[in-house]
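Take 1 as the starting number for the first sequence in full-length UniProt numbering and just add one per residue.
Let me begin by presenting the structure, written as C-alpha cells, before commenting on it.
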Amino acid sequence: MRVATWNVNSAKSRLPRLLAWLDQRAPDVVCLQETKLSDQAFATTFDSALAERGYQVAHFGQGRWNGVALLSRVGLDDVDRGLPDEPCFPEPGSSPDARAITATCGGLRVTSVYVPNGRTPDDPHYGYKLRWLDALRAMLASGTPGSAVVAGDMNIAPTDADVWDPDLFVGSTHVTPAERAALGELMALGLHDVVRERWPGHRVFSYWDYRAGRFHQDKGMRIDLVLVGADAAGRVQAAWVDRAARKGSGPSDHAPVIVDLDEAPDGDIGPVVPPPTTPAKLPHLS
DNA sequence: ATGTCTGTAGTATACAGA
C-alpha cells in the first residue's frame, strides 16, 4: 500500500500536475494540504477526475486559505474534520481553520495535517501553532496511536539536518526548541518519522522557497513528514521525497513524500516487526 | 538576503500569506 502526502499550494492551480502525478505514482492513500478551495469548489474541480482513477475523496476546505483532503482507493471511512477542542486564530471570535482531516483507510487511521506556519516566534500565530500541535497530540492520544498515520506539512524541521543552513534559521520559526519539543510529544506516542529512519544522515528536503533559485541550489527544508504508529512502522518498504514533482514549470513549493507499506496479513496487522536496519532496494534520490 | 507564487479584490495593480 502506497501512502503519500503533498502540500500542493492550491489544488486548482496544481490540477494538471496533480492528476499526472497520481497517474505516475499511483498512490493508494493521498494526504493533500493547502488545497485553498471550498468543499464545493474542490468537488466541482476534482470529483469526476478522481472517481475515474478509483479514489474516494474527503475534503475539508474553507476557500481562500488552508484546506486539506484525503484520497483513498483502499477505503475511506469514519471521516473526522478538524480536531477536538481545536484552537482558533485569532482568538476570540474566529472559527477553526481547515487544517486536519482524519479517516480510516486500509486499516490505518490516517490524518492529513497542515500545521500552522507560526510566522515568527514573537507573533501570536506562533502560540497558536503550539496550541494546535497540542490539540493534535491530544486527539491522537485519545485514539489508538498504534494504527495512526499522521502525514502532512508539519511546518517544523525536526533537527538541524533538516534545514539547508541551520545558522540562518536560528531564532526563526520551524526550528525553535518549543516547536521541536511539541513534535517530540507527538513522536512520544510511538510515531516514527519514516523518511528520516530510512535516510539517516542524508540531505533530504521536501520544501524549497520559490525565491532565489533555492530549489536549483537544493537549499530546502524537510518539513513535510509521514509519521506512522507501530502497526505501519514494521511494514515500511520505502520512504522517500518525490523531488521530481518539484521540477519543471508550475510546481508547488513542496514535493510529495511517498511511503510504501507491505500488505497487512488478512484481517490482522500481526505482530510488530521492527524495520530492517539495511535498506532494501530504494529509489535513488537527487 | 527576501529575488516567487498564490488568491483576492476589482479591472491595474495592491495586498497578504507563505
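In this text, a Cβ means the ideal position worked out from N, Cα and C, and glycines have one as well.
Since this is a predicted model, take the numbers as computed values, not measurements.
Ignore the nearest five residues each way along the sequence and tell me which others in Thr102's own chain have a CB closer than 6 Å to its CB.
Excluding sequence neighbours, Thr102 sits near Asp80 and Thr111.
If you draw a straight line from the alpha carbon of Ser95 to that of Ser249, how long is it in whole angstroms?
Using only the alpha carbons, I get a separation of about 36 Å.
Give the secondary structure of Ser252 by DSSP, where H, G and I count as helix, E and B as strand, and everything else as coil.
In the structure shown, Ser252 sits in coil (DSSP, three-state: anything other than H, G, I, E or B).
On the three-pair Cβ rule with 8 Å, is the region 193–201 touching the region 170–180?
These segments do not touch.
Rounded C-beta distance between Pro145 and Gly190? I'm assuming under 8 Å.
Sure, about 5 Å apart at Cβ, within 8 Å.
For His202, which residues does DSSP report across the bridge?
According to DSSP, His202 bridges with nothing at all.
Look up Gly61 in the DSSP assignment and say whether it is helix, strand or coil.
Note: Gly61 maps to coil in three-state DSSP.
Beta-carbon within less than 7 Å of Ala98's beta-carbon, same chain only, minus the 5 sequence neighbours each way: which residues are those?
Within the same chain, Ala98 has close Cβ partners Phe60, Gly61, Gln62, Asn66, Gly67 and Val68.
In terms of alpha-carbon separation, which member of Arg2, Arg14, Leu108 and Met1 lies closest to Arg246?
Minimum Cα distance to Arg246 is reached at Arg14.
Measure the CB-CB distance between Asp28 and Ser72 and report whether it falls below 8 Å.
In this structure, Ser72 lies closer than 8 Å to Asp28 by Cβ.
Using the Cα positions of Gln237 and Leu22, report the straight-line distance between them to the nearest angstrom.
So the two alpha carbons sit approximately 20 Å from each other.
In chain order, what are the residue ranges of uninterrupted beta strand (DSSP E) at least 3 long that sit wholly in the region 148–204?
Qualifying beta strand (DSSP E) stretches, in chain order: 148–153.
Just tell me which of Gly171, Leu183 and Val57 has its CA closest to the CA of Met154.
Of the candidates Gly171, Leu183 and Val57, the one whose C-alpha sits nearest the C-alpha of Met154 is Leu183.
Put Ser112 into one of helix, strand or coil per three-state DSSP.
Residue state, collapsed to three classes: strand.
Could you spell out the range, first to last residue, of the beta strand (DSSP E) harbouring Gln237?
Start and end: Val236 to Val241.
Let's see if you can read the secondary structure: which residues bound the beta strand (DSSP E) around Thr120?
Thr120 -> no beta strand (DSSP E), and no H or E assigned at all.
Check the DSSP bridge columns for Ser72 and list the partner residues they point to.
The partner list for Ser72 (beta bridge, DSSP) reads Val29 and Gln56.
Do you know how far the Cα of Arg119 is from the Cα of His192?
Near 26 Å, if we compare the C-alpha coordinates of Arg119 and His192.
By how many angstroms is the C-alpha of Leu133 removed from the C-alpha of Met139?
Rounded to whole angstroms, Met139 to Leu133 spans 10 Å at the Cα level.
In whole angstroms, give me the CA-to-CA distance for Ala232 and Ser147.
Ala232 and Ser147: Cα-Cα distance of roughly 7 Å.
By how many angstroms is the C-alpha of Val163 removed from the C-alpha of residue 309?
Here the chain has residues from 1 to 286 only, and residue 309 is not among them.
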